[in-house]
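Structure first, then comments.
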Amino acid sequence: MDLYLLEAILNGIMLGGLLALLALGLNLIFGVIDVVWICYAELVMAGMYAIYWLHAVYAWPFLLACVVAIALVALFGLVLHRLIIEPILGSAPINQLLATGGMLFFLQSLATLLFGTDFRNVGIRLPIIELGDIDLSFARLLAFITALVGAAGLYLFLARTYLGTAIRAIAQDREIMGLMGVDQRRIYLITSAIGGGLAGLAACLLVLQYDVHPFIGLTFGPITFMICVLGGLGNMFGGVVAAFVMSQIISIVGYYFSVEISYVLAFVLFIVLILVRPRGILAR
Amino acid sequence: MTDMRMAAGVGLAVLIALPLLLPSYFLHIVIQVLLLGLIYTAWGFMGRFGLVSLGHGAFMGVGAYTSSLLWNLYGVTPWLGIPAGMALAVVLAMVIGYPCFHLRIVGHYFALVTLALGQVVALLIIAGRDITGGSLGMTPNAVGTSWIALQFQDRTQFYFVALALWLAVLGIRAWASRGMRRAALEAIGEDETAAEAAGINVLREKLRVFAISAAITAAGGSVFAQYIMYLNPETVSGVGISLQIVFAAIAGGMYSALGPTVGALLTLTLTESLRVLFGTSFIGAANTIYGILLILFIIFMPRGILGVVERLLELRPRPQAAPAE
Amino acid sequence: MLQVSGLSADYGSFRALFEVSLAVEAGETVAVIGPNGAGKTTLMRVISGMLPPHSGALAFEGRSLAGLAAHRIVELGIAHVPENRRLFPRLTVEENLRMGAYLPSARASFAERLGWAYEHFPRLRERRHQIAGTLSGGEQQMCAIARALMSKPRLLLLDEPSAGLAPLVVQQVFDLVRAIAEEGYTVLIVEQNVRQVLDLVDRAYLLEVGRIALAGSAGELKQSDVIRRSYLGL
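Protein chains in written order, with my numbering: chain Z, 1081 to 1364; chain B, 1135 to 1459; chain X, 237 to 470.
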C-alpha cells in the first residue's frame, strides 16, 4: 500500500479522536437535552483563544491555561443557557437555533475585533511519533485517548447517576420533572455547564494542532452536528464511532482530491443522513 | 384602505424621484438596500411560515456565479444568464426540498440541512477555483454601459433596474399572499398533519414557496453581482451572508411586506456608519452588533421592528363612524 | 392533612375552578369525581404545583403551598401520578422508579423502596430493564404509581388511573390502590369511573363545571339521586 495513504488513514483515525471529543459536548446538549447551540463550535473557538491568550501571550503554564479555559467555557455555557435559551425554551426549537445563530455571529465578530483575522498559534510542538517511515502526531493520539475516556465517563455519568438519569429524562418529559422533585431549571443549567466544559476540553486538544482564527468554527461546527446525528443523538459511543467514520472519509478523500472536496462530501453525507433518520424523531 | 393606497402612491413617487434628490453615494446605498431587500423578502416568503433556511447564500451564489460565468466565459447576456441561474437555483431547491418535505423534515433539522447546502455550494465554488477564481473571487467582464450586458456607468439607470425588480418582488409577495395560498401555508406552518388532513397538498405548497424563494434569491444575487461587479464565495454564498439574510429579515420583520427591506436598510446603514466612523480598524464590529441584536430580537421582538411598529399603530384609536340616522 | 379553601384556577385562558374547597384527612382515601372537563385534572395540578392558582388557599399539614414550585411540594410529601401516566418513555422501568426516588431523602433508602415496589408490583420486577414506552397500559399505570410511591409520600394524588384501560385492568389497578391505602397511605383520587371508585374510597366530592356540587361519604354519594341518575345510569 502507498505509504502516504497509510499515513493518511492513521492520521484519519487520530483526527477521529479529535472529532469525537468535539462531539461529546454537543451530543450532550443537542442529543440528550435537545437544545440547539448552533454556536457550539464558537464556544470551542472561545476556549482556544482563552488558552492562546493565557499561555502564548501571558505565559501561563499550558495546563493551567487549559483548566482555566475549561472553567471559562463551562461558565459561558451556563450563561448562554440562562440568558438566551431559557427565555425561549418553550417556543419552537428554531428560535433556539436563530438566537444561538446570533451568538455565533457575535462570537466570530468579537474574535475578529479582539484578535484580528490572522491565525494564532499557541506555539506548542508536541512530539511526532515515528513508526518506521510513518509520522504520527502525538497531539492527535492524546486527543484520541481523551475522547475515549471522555465518552466512557460521560456514558457512565448519564447511565449510573441520579443526575445523569435526570438529564436523560428531561428531554423526554420536561413538564413532570418537578413531580420527581427535580428542579428542571437546575438540570438545564448544570448540563449546559458540563456541555460548555466539554467544549473547553476539546479546545485544549484542538489548540495543540490547529491555529485559531475567528472562523475556525465554520470548519468544525457542521461536521460536529453531523457526527452527533450519524452516531444517534445522545449516543456517546455512537458519536465516537461516527467521528471515526467521518474522519476516515475526510482523510482519504482529502488525500486523493482536495480539502474542499472532502468537506463537500462530508456535508452531502450530512444532508443524506438527516434524510435517512427515522421519521419518528423528526417533525416535532 | 384608501390611506394605505395614498401612502403607497406617495412612497412610489418619492422612490421614483429619489435619484434627483440623493447624492450618488446615498443612491449607492439605496440600490443595495433594494437589491438585498428583495433577497431578504424572498427569504421571508419561507421564513414567515416556519421554513427557516440558513443556506439562502447557496441560491444567491448559484445565481451570481451562473450569470457571471456565462458572461465571462461564453459572452451570454445576463438577460439569459439570470434566468439560467434562477432555473439552476430552482433545481437545487427541488433536489433538497423534495426529500426533506416528503420526509417531513421541518424546523431546526431543515435549517441544518440548508446550512449544509450553503456550505456545499460555497465549497464547490472554492474548489472550482480554476474557473471561478476560488476565494479570491471574480469580476464580470466590464463593457461600460450596455443594456445587453446589464452594466451601467451611471448609477441612476441601475437604480431603476433595482427599483423595478424590488417592486416586482413585492408584487409577487402580494400575489402569493392572496387568499387560499397564504391560508394554506399558514395552516402548514401551524400544524402540518392537520393541514394534510384538511386536503392541503403540503408537499406541493412547500416546494412551490421554496422554488419561488430560491429563484428570486438567485436573481437578486445575479443582479447584485452585476452591480458590485465583483463576487466571491464569502460575500455571495458563505454562511455569513446566509445568516445576514436571516438576521435582516427577522430584525425588519418577516411577517410584513416591507419588513425585510427595513432590515436591509438597518444592516446597511449600520455597516456603512461603522465603516465611516471607525474605518477598517473595526472590521467585525457590525457583525458583533448584529449578533447581539439577533439574540435580542428572537427573545423580545420575534416579529421584528416593523412588527412592533405595526402593533403600535393598531393600538391607535380608530375614528368612530357616524351613527346611522 | 390537605386543606383546599376557595381555590380558583385557570386552564389556559378560561377559568376552570371556581372557589373549590375540600379536605383530606390523614389515612383517608378520598375521590373527586365528575365528568370530562369538570376541572379535576386542573385541581390535581394546582395541588402538586404544576399550575399556579388564581386565588384561594392551599395547605398541607398546616403548611401553605402557595407559590411553591412543584419540586418543593414533592419534598413536603405530596406525590402526583399525572393523567396519562407520563412515564419517561425511553427510560427503563427501573430508571423510572429511580427518578421517583430522586429526592435526597428517598435516595438514601432507594434499595429498600425498590424492594417494596417490586413486592407490590411483581410484574414490574419481571420487566425492570424494559423500556417504559413499550409496556402495556396497565403496566404503565402500575409503574407510574410505583414511581410516585418511591419517595414515600404522605399524600398520593392519582389522576384518572383508569383512563384508557380495559375494565379488568382497571380492577387490578384499583385493587392495588386499595392495598396501598390499607398500608396507611393517604390517597386523593380523581376519576371519571364513578362506580368502581366509590367502592374504593371513604369519601368523595362531585366536581361539575369547576364547582363542588356534592360532598359526602362514599355510601351517601352512592345513594344520591344525582349520582345514580347521571353517573351510574340508574
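For each residue, glycine too, the CB sits at the ideal point set by N, CA and C.
(request) Please name the residue in Gly351/X, Leu457/X, Ser398/X whose C-alpha comes closest to that of Leu385/X. (result) To locate residue 385/X, count along the third sequence from 1; it is residue 149. If we check each option's Cα against that of Leu385/X, Gly351/X comes out closest.
(message) Among Tyr1335/Z, Phe1300/Z, Ile1274/Z, Phe1350/Z, whose alpha-carbon lies nearest the alpha-carbon of Leu1086/Z?
(response) Taking the first residue of the first sequence as position 1, residue 1086/Z is located at position 6. The shortest Cα separation from Leu1086/Z among Tyr1335/Z, Phe1300/Z, Ile1274/Z, Phe1350/Z belongs to Tyr1335/Z.
(message) For Val260/X and Glu362/X, I'd like the C-alpha separation in whole angstroms.
(response) Within the third sequence, the letter at position 24 stands for residue 260/X. Within the third sequence, the letter at position 126 stands for residue 362/X. Val260/X and Glu362/X: Cα-Cα distance of roughly 35 Å.
(request) Indicate the three-state DSSP secondary structure (helix, strand or coil) for Gly1233/Z in the structure shown. (result) Residue numbering aside, residue 1233/Z sits at position 153 when the first sequence is read from its first letter. Helix at Gly1233/Z.
(request) Indicate the three-state DSSP secondary structure (helix, strand or coil) for Phe1350/Z in the structure shown. (result) Indexing the first sequence from 1 puts residue 1350/Z at position 270. Note: Phe1350/Z maps to helix in three-state DSSP.
(request) Within its chain, find whatever has a CB closer than 8 Å to the CB of Leu360/X; leave out the 5 residues flanking it on each side and keep chain order. (result) Mapped onto the third sequence, residue 360/X falls at position 124. Excluding residues within five positions, the ones whose Cβ falls inside 8 Å are Val329, Leu333, Ala353, Tyr354, Glu375, Met378, Cys379, Ala382.
(request) With His316/X as the anchor, note down where its beta strand (DSSP E) starts and where it stops. (result) Start at 1 with the first residue of the third sequence, and residue 316/X comes out as number 80. For His316/X, the enclosing beta strand (DSSP E) begins and ends at 314 to 317.
(request) Kindly say whether Val1112/Z, judged by its beta-carbon, lies nearer than 8 Å to any beta-carbon of chain X. (result) Here the question's residue 1112/Z lines up with position 32 in the first sequence. Closer than 8 Å: no.
(message) Would Ala1261/B pass as an interface residue toward chain Z - the criterion being a Cβ-Cβ separation below 8 Å?
(response) Residue mapping note: residue 1261/B aligns to position 127 of the second sequence, counting from 1. Cβ-Cβ to chain Z under 8 Å: yes for Ala1261/B.
(message) Pull the bridge partners of Gly452/X from the DSSP assignment, please.
(response) Translated into the one-based positions of the third sequence, residue 452/X becomes position 216. Ala440/X, per the DSSP bridge assignment.
(message) With a threshold of 6 Å on Cβ separation, who are the neighbours of Ala1176/B within its own chain once the five nearest residues in sequence on each side are excluded?
(response) The count along the second sequence starts at 1 and reaches residue 1176/B at position 42. Answer for Ala1176/B: Ser1347, Ile1350, Thr1351, listed in chain order.
(message) Can you look up Tyr247/X in the DSSP assignment and give me helix, strand or coil?
(response) Reading the third sequence from its first residue, position 11 is the one you call residue 247/X. Strand.
(message) What does the Cβ neighbour count give for Gln1285/B, buried or exposed, with the cut at 16 atoms within 10 Å?
(response) Indexing the second sequence from 1 puts residue 1285/B at position 151. The residue in question, Gln1285/B, is buried, as its Cβ has 16 or more Cβ neighbours within 10 Å.
(message) Determine whether the beta carbon atoms of Val423/X and Val413/X lie at a separation below 8 Å.
(response) Looking up residue 423/X in the third sequence gives position 187. Looking up residue 413/X in the third sequence gives position 177. In this structure, Val413/X lies closer than 8 Å to Val423/X by Cβ.
(request) For Arg1364/Z, name the three-state secondary structure that DSSP assigns. (result) By one-based count along the first sequence, residue 1364/Z stands at place 284. Any reading at Arg1364/Z needs caution, since the residue's pLDDT is 28, under 50, leaving its predicted position unreliable; the model's value is listed next. Of the three classes helix, strand and coil, the one that applies to Arg1364/Z here is coil, per DSSP.
(request) Mark Tyr1424/B as exposed unless 16 or more other C-beta atoms lie within 10 angstroms of its C-beta, in which case mark it buried. (result) Position 290 of the second sequence, counted from the first residue, corresponds to residue 1424/B. Flag for Tyr1424/B reads buried.
(message) Check whether chain Z comes within 8 Å of His365/X, counting only Cβ atoms and requiring the distance to be less than that.
(response) Taking the first residue of the third sequence as 1, we reach residue 365/X at position 129. His365/X does not count as touching chain Z.
(message) For the structure I just gave you, are there three or more beta carbon pairs, one from the stretch 1265 to 1278 of chain B and one from the stretch 1147 to 1164 of chain B, closer than 8 Å?
(response) no
(message) Let me check understanding here. Comparing Cα to Cα, which of Gly1311/Z, Ile1109/Z, Leu1288/Z, Leu1313/Z lies closest to Met1125/Z?
(response) To locate residue 1125/Z, count along the first sequence from 1; it is residue 45. If we check each option's Cα against that of Met1125/Z, Leu1288/Z comes out closest.
(message) Check whether chain Z comes within 8 Å of Tyr1174/B, counting only Cβ atoms and requiring the distance to be less than that.
(response) Reading the second sequence from its first residue, position 40 is the one you call residue 1174/B. Chain Z contact via Cβ: absent.
(message) Suppose you measure from the CA of Ala1218/B to the CA of Gly1197/B; what does that come to, to the nearest Å?
(response) One-based indexing of the second sequence puts residue 1218/B at position 84. One-based indexing of the second sequence puts residue 1197/B at position 63. If you take the alpha carbons of Ala1218/B and Gly1197/B, they lie about 8 Å apart.
(request) Sort Met1138/B, Ala1142/B, Leu1172/B by Cα distance to Phe1358/B and report the nearest one. (result) In the second sequence, residue 1358/B corresponds to position 224, counting from 1. Among Met1138/B, Ala1142/B, Leu1172/B, the Cα nearest to that of Phe1358/B belongs to Leu1172/B.
(message) So, with DSSP's three-state summary, where would you put Thr328/X?
(response) Here residue 328/X refers to the residue found at position 92 when the third sequence is read from its first residue. Strand, per DSSP.
(request) Kindly indicate the opening and closing residues of the beta strand (DSSP E) around Ile463/X. (result) Taking the first residue of the third sequence as 1, we reach residue 463/X at position 227. Not the beta strand (DSSP E): Ile463/X falls in the alpha helix (DSSP H), residues 461 to 466.
(message) Could you check whether the stretch 1232 to 1245 of chain Z touches the stretch 1123 to 1142 of chain Z, counting it as contact only if at least three pairs of C-beta atoms, one from each stretch, sit closer than 8 Å?
(response) no
(message) At the level of alpha carbons, what is the spacing between Glu1368/B and Ile314/X?
(response) For this step, residue 1368/B is matched to residue 234 along the second sequence. For this step, residue 314/X is matched to residue 78 along the third sequence. Going by the C-alpha atoms only, they are around 59 Å apart.
(message) I'd like to confirm the pairing. Which residues does DSSP put opposite Asp395/X in its beta bridges?
(response) Taking the third sequence and counting its residues from 1, the one referred to as residue 395/X is at position 159. Val426/X.
(request) Output yes or no for whether 8 Å exceeds the beta carbon distance between Ala1259/Z and Pro318/X. (result) Position 179 of the first sequence, counting from 1, holds the residue named residue 1259/Z. Position 82 of the third sequence, counting from 1, holds the residue named residue 318/X. Position check: residue 1259/Z holds Leu in this sequence, whereas Ala was assumed. Their beta carbons are under 8 Å apart, which means Leu1259/Z touches Pro318/X by this criterion.
(message) At the 8 Å Cβ level, is Ala1223/B part of the contact set with chain Z, yes or no?
(response) If you number the second sequence from 1, residue 1223/B lands on position 89. With 8 Å as the cut-off, Ala1223/B does not count as an interface residue toward chain Z.
(message) On the CB-based measure, 16 or more other CB atoms within 10 Å of its CB, does Pro340/X come out buried or exposed?
(response) The count along the third sequence starts at 1 and reaches residue 340/X at position 104. Exposed: under 16 other Cβ atoms inside 10 Å.
(request) Compile a chain-ordered list of the residues in the stretch 1230 to 1245 of chain Z whose CB is closer than 7 Å to at least one CB of chain X. (result) Tyr1242, Thr1245
(request) In angstroms with no decimal places, state the Cα-to-Cα distance between Ile1274/Z and Leu1234/Z. (result) On the first sequence, residue 1274/Z is found 194 positions in, with the first residue counted as 1. On the first sequence, residue 1234/Z is found 154 positions in, with the first residue counted as 1. The alpha-carbon atoms of Ile1274/Z and Leu1234/Z are separated by roughly 10 Å.
(request) Look up Leu1185/B in the DSSP assignment and say whether it is helix, strand or coil. (result) On the second sequence, position 51 is the one that residue 1185/B refers to. Leu1185/B carries a coil assignment under DSSP once its states are collapsed to helix, strand and coil.
(request) Could you check how far apart the C-beta atoms of Tyr1243/B and Ile1354/Z are, in whole angstroms? I think they sit under 8 Å. (result) To locate residue 1243/B, count along the second sequence from 1; it is residue 109. To locate residue 1354/Z, count along the first sequence from 1; it is residue 274. Correct: roughly 6 Å between the Cβ atoms.
(message) Helix, strand or coil for Gln239/X? Go by DSSP, reduced to three states.
(response) Start at 1 with the first residue of the third sequence, and residue 239/X comes out as number 3. Reduced to three states, the DSSP call for Gln239/X is strand.
(message) Tell me the rounded alpha-carbon separation between Thr1211/B and Ile1230/B.
(response) Within the second sequence, numbered from 1, the residue matching residue 1211/B stands at position 77. Within the second sequence, numbered from 1, the residue matching residue 1230/B stands at position 96. The C-alpha of Ile1230/B is placed about 29 Å away from the C-alpha of Thr1211/B.
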